[in-house]
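2 protein chains.
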Amino acid sequence: MHRETKQRTAILKYLNNTKSHPTADIIYDVVKKIIPNISKGTIYRNLNVLKESGQVTRLNIKGTVSRYEIKQASHYHFRCEQCGRVFDIDEPVDKSIDERVAKSTGFKVIRHQLEFRGLCKDCQR
Amino acid sequence: MHRETKQRTAILKYLNNTKSHPTADIIYDVVKKIIPNISKGTIYRNLNVLKESGQVTRLNIKGTVSRYEIKQASHYHFRCEQCGRVFDIDEPVDKSIDERVAKSTGFKVIRHQLEFRGLCKDCQR
DNA sequence: TCAGTAATAGGAACCATTACCATTATTATG
DNA sequence: CATAATAATGGTAATGGTTCCTATTACTGA
Ligand SMILES: [Mn+2]
Ligand SMILES: [Mn+2]
Ligand SMILES: [Zn+2]
Ligand SMILES: [Zn+2]
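Top line first, the protein sequences correspond to chains H and S. Position in the first sequence (from 1) plus 32 gives the number in my numbering. Position in the second sequence (from 1) plus 32 gives the number in my numbering.
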């Protein structure tokens with residue numbers, strides 16, 4: 033069974049209060065201020081546990097480090113190629129496309145992921 | 033200037049004749065049969081050179097390792113969560129969505145990437 | 001033909017993530 | 001409350017994909 037440790041609580045609390053899609057490293061830096069001797073392994077272990085239990089989502093695109101967010105309704109992302117930040121995009125999620133692809137391919141389509149790339153406002157100047 | 037080496041030629045030749053979106057490791061295994069003492073560094077170096085020159089695309093597909101393909105018209109992918117294989121999807125590419133997101137966010141949208149996940153035919157049984 | 005230099009092989013380094021393990025802390029139960 | 005079972009931790013080593021380094025090789029333009 034899952035225990036409620038102060039480490040796990042602090043990680044969840046931070047994720048619940050940010051929209052920044054932080055990396056494990058950023059989470060580590062933030063939580064370290066509250067629990068100075070926390071280890072990075074604990075960050076990763078908890079993020080994986082929370083992902084398994086459906087409370088956290090891992091955004092991982094190869095070529096970049098993984099980013100994490102509190103599990104929420106399906107949505108799309110924008111990644112700035114300059115600064116690396118990730119933003120939510122409120123474009124409506126098209127569910128019908130999964131069925132269409134399933135029909136045309138014969139594959140079982142469970143989900144799709146759409147991500148935009150470019151330059152955020154700050155990085156355009 | 034770029035030179036034509038047998039290593040580079042063999043890598044390109046293999047990529048030109050497969051639709052499998054191979055990883056660097058797979059390319060290494062295949063090309064090793066033709067050039068037994070080729071090194072993995074040469075595979076990676078050439079894949080990067082070919083990417084820079086626009087002949088090869090590196091797929092930033094969710095998962096752990098990078099996959100490569102010959103540069104071609106923009107298209108979407110499906111990744112089987114069981115066997116890990118990547119397939120092309122011939123769903124038409126929606127270009128208007130980039131502009132729509134650009135307008136609503138103020139970001140400069142350069143491209144988008146859509147990827148489906150699920151089970152391929154083989155893995156459904 | 002050959003000098004200039006791009007590319008190679010092999011191995012070390014890098015770095016995000018995972019694995020290991022002795023110790024600590026949470027929690028179900030009496 | 002006391003306690004025993006064991007989940008979780010901190011610290012560190014290991015892993016694995018990828019990049020970097022360097023002496024040597026081999027393209028290629030002149
Ligand atoms: Mn998000
Ligand atoms: Mn493809
Ligand atoms: Zn930016
Ligand atoms: Zn499959």
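Ideal placement from N, C-alpha and C gives every residue a C-beta, glycine not left out.
- When CB distances to chain H are screened at a threshold of 9 Å, the residues of the stretch 91-107 of chain S falling below it are LEU91, ASN92, ILE93, LYS94, GLY95, THR96, VAL97, SER98 and ARG99, in chain order.
- Using a CB distance below 7 Å, the part of the stretch 138-149 of chain S facing chain H consists of GLY138, PHE139, LYS140, VAL141, ILE142, ARG143, HIS144, GLN145, LEU146, GLU147, PHE148 and ARG149, ordered along the chain.
- Ligand 1 has a heavy atom closer than 8 Å to the beta-carbon of GLU101 (chain H).
- Here DSSP, grouped into helix, strand and coil, assigns VAL97 (chain H) to coil.
- When C-beta atoms of the stretch 138-157 of chain H are compared with those of the stretch 108-117 of chain H, three or more pairs fall below 8 Å, so the two segments count as touching.
- A residue is called buried once 16 or more other Cβ atoms fall within 10 Å of its Cβ, and GLU131 (chain H), having fewer, is exposed.
- About 5 Å separates the Cβ atoms of HIS53 (chain S) and GLU101 (chain S), confirming a contact at the 8 Å cut-off.
- If only complete runs of 3 or more residues are kept, the stretch 65-116 of chain S shows the beta strand (DSSP E) at 88-91, 99-102 and 108-112, in order along the chain.
- Just so you know, the alpha carbons of LYS51 (chain S) and ILE58 (chain H) end up roughly 38 Å apart.
- Per the coordinates, the alpha-carbon of ILE67 (chain S) lies some 47 Å from the alpha-carbon of ASP120 (chain H).
- A distance below 8 Å between beta-carbons, with the five flanking residues on each side excluded, links VAL97 (chain H) to the following residues of its chain, in chain order: THR55, ALA56 and ASP57.
- DSSP, reduced to helix, strand and coil, places ASP120 (chain H) within a strand of the structure shown.
- DSSP places LYS45 (chain H) outside any beta strand (DSSP E); the residue lies instead in the alpha helix (DSSP H), whose first and last residues are 38-48.
- Annotated as distal: ASP122 (chain S) and SER71 (chain H), with beta-carbon spacing of 9 Å or more.
- Its Cα nearest to that of VAL62 (chain S), the residue S:THR41 stands out among S:ASP126, S:THR41 and S:ASN80.
- Using a CB distance cut-off of 9 Å, ARG77 (chain S) does not count as an interface residue toward chain H.
- Against LYS153 (chain H), the close residues of chain S are GLY138 and PHE139, in the order they occur along the chain (beta-carbon pairs closer than 7 Å).
- In the DSSP secondary-structure assignment, HIS144 (chain H) is bridged to S:PHE148.
- LYS127 (chain H) and VAL81 (chain H) have their C-alpha atoms spaced approximately 28 Å apart.
- Sequence-distant Cβ neighbours of ARG90 (chain H) in its own chain, meaning closer than 6 Å and more than five residues away, are LYS83, SER98 and TYR100.
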